[in-house]
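Residues 1 to 158 in full-length UniProt numbering are what the sequence shown spells out, letter by letter. Glycine included, each C-beta is placed from N, C-alpha and C at the ideal position. Notes to accompany the following structure.
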Amino acid sequence: MSIDPSAFRAVLGRYATGVTIVTTRTPEGRPTGLTVNSFTSVSLEPPLVLFCLDRAAGSGPAFAASDCFAVNILAAGQASVSARFADPVAARFVNDGTTIWETGAPILHDALAALDCRVHARHEGGDHVILVGRVLRAEVLRDGPPLVYWRGTYQGLA
């Protein structure tokens with residue numbers, strides 16, 4: 001039995017997710033990143049998280065060449081940041097201050113929280129690559145509600 005991709009997407013859209021910006025650096029040292037909602041924790045000991053990267057993503061080669069990434073968890077008011085990092089031609093870091101922690105992957109100043117990770121494993125996942133990261137540093141950067149994505153749009157928490 002085959003599953004229709006649009007029906008599959010509609011079913012998965014009923015699952016609300018948080019929105020993150022996952023960042024790294026190109027081999028030349030330039031910051032790059034993209035919007036990701038396929039992020040989850042894996043383990044507390046050791047501290048592991050994962051995200052799924054579309055093989056067709058423009059920043060895919062940078063993530064393939066890098067041994068690190070950072071996960072920046074967005075706040076409710078950051079839909080425009082998410083949209084900018086989802087746009088394949090936008091200047092992604094133009095309005096965001098960043099800092100560097102242990103790995104060198106950019107941490108967005110205005111994120112709710114961030115995790116700095118060393119790549120622990122890569123797994124095949126159909127049209128995606130699953131990157132598992134060992135968390136080297138994790139911090140809450142500010143208080144506030146998260147940016148939530150549900151049924152194809154950004155939502156607020158009720």
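Residue i - DSSP class collapsed to helix/strand/coil
{"i": "residue 93", "result": "coil"}
{"i": "residue 61", "result": "helix"}
{"i": "residue 41", "result": "strand"}
{"i": "residue 151", "result": "coil"}
{"i": "residue 84", "result": "helix"}
{"i": "residue 75", "result": "strand"}
Proximity below 7 angstroms, CB of residue i to CB of residue j
{"i": "residue 58", "j": "residue 88", "result": "yes"}
Range of the contiguous alpha helix (DSSP H) that encloses residue i
{"i": "residue 5", "result": "5-12"}
Cβ-based neighbour list, residue i, same chain, cut-off 6 angstroms, excluding 5 preceding and 5 following
{"i": "residue 155", "result": "148"}
{"i": "residue 106", "result": "23, 31 and 98"}
{"i": "residue 150", "result": "16"}
{"i": "residue 102", "result": "116, 136 and 137"}
Endpoints, the beta strand (DSSP E) within which residue i is located
{"i": "residue 124", "result": "113-125"}
{"i": "residue 32", "result": "31-36"}
{"i": "residue 23", "result": "20-25"}
Cutoff 7 angstroms; reference residue i; Cβ partners in own chain excluding five residues on either side
{"i": "residue 159", "result": "With the chain running from 1 to 158 in the structure shown, residue 159 is simply not present."}
Inter-residue CB distance, residue i and residue j (contact presumed, cutoff 8 angstroms)
{"i": "residue 116", "j": "residue 62", "result": "With a Cβ gap of about 16 angstroms, residue 116 and residue 62 do not count as contacting."}
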